[in-house]
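K.L.:
Have a look at this one.
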Amino acid sequence: MERVHSKEEEKKNMITTSITWASVGLLNAYAFGFSLVIGLLGGALFGAATGFRVSRRPPKMRFPWYLFRQIMNAVTFFVLTSAIYAYFLDETLNQSQKFWATIPPMLGIIVLIITVGRAIASLDELQRRIQTEAIALAFAGTAIFVGVYALFQFAGLDEVNIGVVFIVMALMWLLTKMWTMWKYR
Amino acid sequence: MKNRLKSLRAEQGWSQAQLGERLDVSRQTINAIERGKYDPSLPLAFKIAKLFDYKIEDVFIPDEPDT
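From first to last, the protein sequence lines stand for chains Z and X. Mind the numbering: the first sequence is residues 14 to 198 in this note's numbering, read in order. Mind the numbering: the second sequence is residues 341 to 407 in this note's numbering, read in order.
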């Protein structure tokens, strides 16, 4: 990601991250039952601070800023479609209607994956290699986690929500990326 | 594989970031190539050699095979 040279880019980044985090705040407010206004404002403020920080001190992985904003927009879309899904599930719908309600977040996931894929494709050859190695290691690590957890489950441990697998995979991606970046330093 | 990238860059008085901009790669990539942690792709190696007006084998020196 190139360093911000203009206030204009910084402003755009702050607005985009504000909207993204406002939507995350909104979803959390709805899910945990606190004030929607607090969720919205708290998220927007946190987002603005994040946008400011990222613009001033960009991470080493260099995405062009427009792709960074596209990822943020994709996250917003995913969060909002998930909020729609959560709202519909709370309504008294029949089984077939519930299936239809799963379509919006599915679209959100697809948009998110395409955007992240485009961002990775925009990197230079070493950074792409780092990302590819990190994703491969994260995939293998998650497979080990799921396998080991399954063994524990047979031994009487509680069932785990499938969402946890994605969180584990994301964390492993982060860790393995840090490791591969360190390897090529 | 060894290379002369660091000395060639120093001759020109460029920073790693400036060389990265000229080659359209990140500073991290230049750093990894200079330190021998990463061997560039053939297109990038040719681009580097062309930028310094050298033949590719004058910039990149393959390791001696074990005897």
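Even for Gly, the Cβ is constructed at its ideal location relative to N, Cα and C.
Within 10 angstroms of its Cβ, does ASP403(X) collect 16 or more other Cβ (buried), or is it exposed?
P.N.:
Mapped onto the second sequence, residue 403(X) falls at position 63. Exposed.
K.L.:
Ordered along the chain, which non-local residues of its own chain (more than five positions away) have a Cβ less than 6 Å from that of LEU53(Z)?
P.N.:
Taking the first sequence and counting its residues from 1, the one referred to as residue 53(Z) is at position 40. Non-local beta-carbon contacts of LEU53(Z) in its own chain, meaning distances under 6 Å to residues more than five positions away in sequence, involve ALA35, GLY38, LEU39 in chain order.
K.L.:
Using beta carbons (cut-off 9 Å, strictly below), is ASN371(X) in contact with chain Z?
P.N.:
Here the question's residue 371(X) lines up with position 31 in the second sequence. Yes, contact with chain Z.
K.L.:
How would you label LEU118(Z), buried or exposed, when you count the other beta carbons within 10 angstroms and need 16 or more for buried?
P.N.:
Residue mapping note: residue 118(Z) aligns to position 105 of the first sequence, counting from 1. Residue identity check: residue 118(Z) is Pro in the sequence provided, not Leu. PRO118(Z) should be labelled buried.
K.L.:
Would you kindly work out how many angstroms separate the C-alpha atoms of SER95(Z) and GLY64(Z), rounded to a whole number?
P.N.:
If you number the first sequence from 1, residue 95(Z) lands on position 82. If you number the first sequence from 1, residue 64(Z) lands on position 51. Straight through space, the alpha carbons of GLY64(Z) and SER95(Z) are spaced by roughly 23 Å.
K.L.:
Residues of chain Z with a CB under 9 Å from the CB of TYR394(X): which are they?
P.N.:
Here residue 394(X) is taken as the residue at index 54 of the second sequence, counted from 1. Here the premise fails: no neighbours, minimum Cβ distance about 21 Å.
K.L.:
Measure how close the beta-carbons of ILE32(Z) and THR89(Z) come, nearest whole angstrom, since I'm counting them as under 8 Å.
P.N.:
Residue mapping note: residue 32(Z) aligns to position 19 of the first sequence, counting from 1. Residue mapping note: residue 89(Z) aligns to position 76 of the first sequence, counting from 1. Their Cβ separation, rounded to whole angstroms, is 6 Å, which keeps ILE32(Z) and THR89(Z) in contact under 8 Å.
K.L.:
Enumerated in chain order, which unbroken segments of the alpha helix (DSSP H) with a length of 4 residues or greater are wholly contained in the region 361-388 of chain X?
P.N.:
The qualifying runs are 367-374.
K.L.:
Can you give the Cα-Cα distance for GLY121(Z) and SER366(X), rounded to whole angstroms?
P.N.:
Numbered from 1 along the first sequence, position 108 holds the residue referred to as residue 121(Z). Numbered from 1 along the second sequence, position 26 holds the residue referred to as residue 366(X). Using only the alpha carbons, I get a separation of about 31 Å.
K.L.:
By the three-class DSSP mapping on this structure, what secondary structure does PHE392(X) have?
P.N.:
Translated into the one-based positions of the second sequence, residue 392(X) becomes position 52. Reduced to three states, the DSSP call for PHE392(X) is coil.
K.L.:
Does the region 170-186 of chain Z come close enough to the region 372-380 of chain X to have 3 or more Cβ pairs within less than 8 Å?
P.N.:
No contact exists between the region 170-186 of chain Z and the region 372-380 of chain X.
K.L.:
Taking DSSP as the reference, what is the three-state secondary structure of ASN343(X)?
P.N.:
Residue numbering aside, residue 343(X) sits at position 3 when the second sequence is read from its first letter. In the three-state DSSP reduction, ASN343(X) falls in the strand class (E or B).
K.L.:
Please confirm whether ALA42(Z) and ALA99(Z) have their CB atoms less than 9 Å apart.
P.N.:
In the first sequence, counting from the first residue as 1, residue 42(Z) sits at position 29. In the first sequence, counting from the first residue as 1, residue 99(Z) sits at position 86. Result no, Cβ atoms of ALA42(Z) and ALA99(Z) do not sit closer than 9 Å.
K.L.:
Nearest-angstrom Cα distance between PHE59(Z) and ARG66(Z)?
P.N.:
The residue labelled residue 59(Z) in the question sits at position 46 within the first sequence. The residue labelled residue 66(Z) in the question sits at position 53 within the first sequence. Computed Cα separation, rounded: 11 Å.
K.L.:
Listed in chain order, which residues of the region 138-165 of chain Z have Cβ atoms closer than 7 Å to some Cβ of chain X?
P.N.:
GLU138, LEU139, GLN140
K.L.:
Give a yes or no on whether 9 Å exceeds the smallest Cβ distance from MET191(Z) to chain X.
P.N.:
Numbered from its first residue, the first sequence carries residue 191(Z) at position 178. Chain X, which has no Cβ nearer than 9 Å to the Cβ of MET191(Z), makes this no.
K.L.:
Could you check where the alpha helix (DSSP H) with PHE47(Z) kicks off and where it finishes?
P.N.:
Mapped onto the first sequence, residue 47(Z) falls at position 34. No alpha helix (DSSP H) contains PHE47(Z), which DSSP labels as neither H nor E.
K.L.:
Measure from the alpha carbon of GLY169(Z) to the alpha carbon of each residue in GLY176(Z), VAL161(Z), ILE175(Z), then state which is nearest.
P.N.:
Counting from one through the first sequence, the residue named residue 169(Z) turns up at place 156. Ranking GLY176(Z), VAL161(Z), ILE175(Z) by Cα distance to GLY169(Z) puts VAL161(Z) first.
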